[in-house]
Amino acid sequence: MKIALMDSGIGLLAAAAAVRRLRPDAELVISSDPASMPWGPHTPEEITARALAVARAAAAHRPDALIVACNTASVHALPALRAALEPALPVIGTVPAIKPAAAGGGPVAIWATPATTGSPYQRGLIAEFAGSVDVTGVPCPGLADAIEHGDEAGIDRAVVAAAALTPPGVRSVVLGCTHYELVADRIRAAVQRPGPPLVLHGSAGAVAAQALRRIGADPAPTAAPAGTLTVLLGGSPGTLPAPALTYAEGRSLQAAAPAR
Numbered sequence: 003m004k005i006a007l008m009d010s011g012i013g014l015l016a017a018a019a020a021v022r023r024l025r026p027d028a029e030l031v032i033s034s035d036p037a038s039m040p041w042g043p044h045t046p047e048e049i050t051a052r053a054l055a056v057a058r059a060a061a062a063h064r065p066d067a068l069i070v071a072c073n074t075a076s077v078h079a080l081p082a083l084r085a086a087l088e089p090a091l092p093v094i095g096t097v098p099a100i101k102p103a104a105a106g107g108g109p110v111a112i113w114a115t116p117a118t119t120g121s122p123y124q125r126g127l128i129a130e131f132a133g134s135v136d137v138t139g140v141p142c143p144g145l146a147d148a149i150e151h152g153d154e155a156g157i158d159r160a161v162v163a164a165a166a167l168t169p170p171g172v173r174s175v176v177l178g179c180t181h182y183e184l185v186a187d188r189i190r191a192a193v194q195r196p197g198p199p200l201v202l203h204g205s206a207g208a209v210a211a212q213a214l215r216r217i218g219a220d221p222a223p224t225a226a227p228a229g230t231l232t233v234l235l236g237g238s239p240g241t242l243p244a245p246a247l248t249y250a251e252g253r254s255l256q257a258a259a260p261a262r
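Residues 3 to 262 (this note's numbering) make up the sequence shown, in order.
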């Protein structure tokens, strides 16, 4: 079994680690283009072109499924990716976990990039899944960039700023950018108030499970950890970027299956 994941940068690490937990025997191909990251400020046409290039580099390795581990690419490029690659290659997009967060009751905060916060896409998800739940969009300028580069001070500043915009009494936070899952513990610590534990809702586990369902594979977390890891940077073979190894997900991937 071979699962590919794509993103502009290292935001795909959380979903890749989730796939590895479910199927330690799966071969992983992770394809990104850090030189063009972030994709958010680009036009939808530019995002689609970049996403197609990254996806085709992964598809050349003949995976069984492709996870689009990027909210921005899923918003703007998913139809084009599916038109280009399916049905030969199942393509699984990433949607912010607004539905499960709202199901747990409010208030809910959605941390996302400035481009996503208040976008028609996010407003549509809130209208469809949140109903009468109190939902606050929280823009997080600079957070994804700081995470991408392992900028500890930048991460702290962005998390503190976003936490200040998060209303008191919020019971759950939707992590609306895949990069944010890499610093989930820091987000929790910044937002947690006295009272019930804050619930964070990411997408990594859900998209990993959906990828297995699409190819008819069952989770096998006790399988022998024999899966390899192939890293593509801008379409060329590479290794995990140094900032990736500052996160537990990146270290676990490299330790379990050294890049080839």
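Cβ atoms here follow ideal geometry from the backbone N, Cα and C, with glycine treated the same way.
Every unbroken stretch of the alpha helix (DSSP H) spanning 4 or more residues and falling wholly within the region 146 to 174 is given here in chain order: 154 to 167.
Taking C-beta atoms as the reference points, V185 and I149 count as a pair closer than 8 Å. Looking at the backbone, the Cα of P243 and that of P199 are separated by about 34 Å. Ranked by Cα distance from L231, the options T248, P223, L214, L255 are led by L255.
The region 137 to 144 makes no contact with the region 68 to 85; the number of CB pairs closer than 8 Å stays below 3. With a 10 Å radius around the Cβ and a threshold of 16 neighbouring Cβ atoms, S34 comes out buried. By the CB criterion at 8 Å, G229 and A28 fall inside the cutoff. By the C-beta criterion, the region 76 to 90 is judged to be in contact with the region 44 to 53, since at least 3 inter-stretch pairs fall below 8 Å. If you keep only unbroken beta strand (DSSP E) runs of at least 3 residues inside the region 21 to 50, you get 29 to 34. For I112, the uninterrupted beta strand (DSSP E) run begins and ends at 110 to 114, by DSSP. For V176, the secondary structure class from DSSP, reduced to helix, strand or coil, is strand. In the DSSP assignment, L242 falls outside any alpha helix (DSSP H), carrying neither H nor E.
The beta carbon of A53 sits closer than 8 Å to the beta carbons of M8, W41, V70, C72, A75, H78, A79, A82, L83 from its chain, once the five residues preceding and following it are set aside; these are given in chain order. Within its own chain, no residue has a Cβ closer than 8 Å to the Cβ of A90 once the five positions on either side in sequence are excluded. Closest in alpha carbon position to T96, among A18, I157, H63, is A18. In this structure, L30 places its C-beta atom within 8 Å of the C-beta atom of I5. In this structure, DSSP gives L231 an extended state, which the three-state scheme calls strand. In this structure, V110 keeps its C-beta atom at 8 Å or more from the C-beta atom of A117.
The three-state secondary structure of G126, taken from DSSP, is helix. DSSP, reduced to helix, strand and coil, places L255 within a helical segment of the structure shown.
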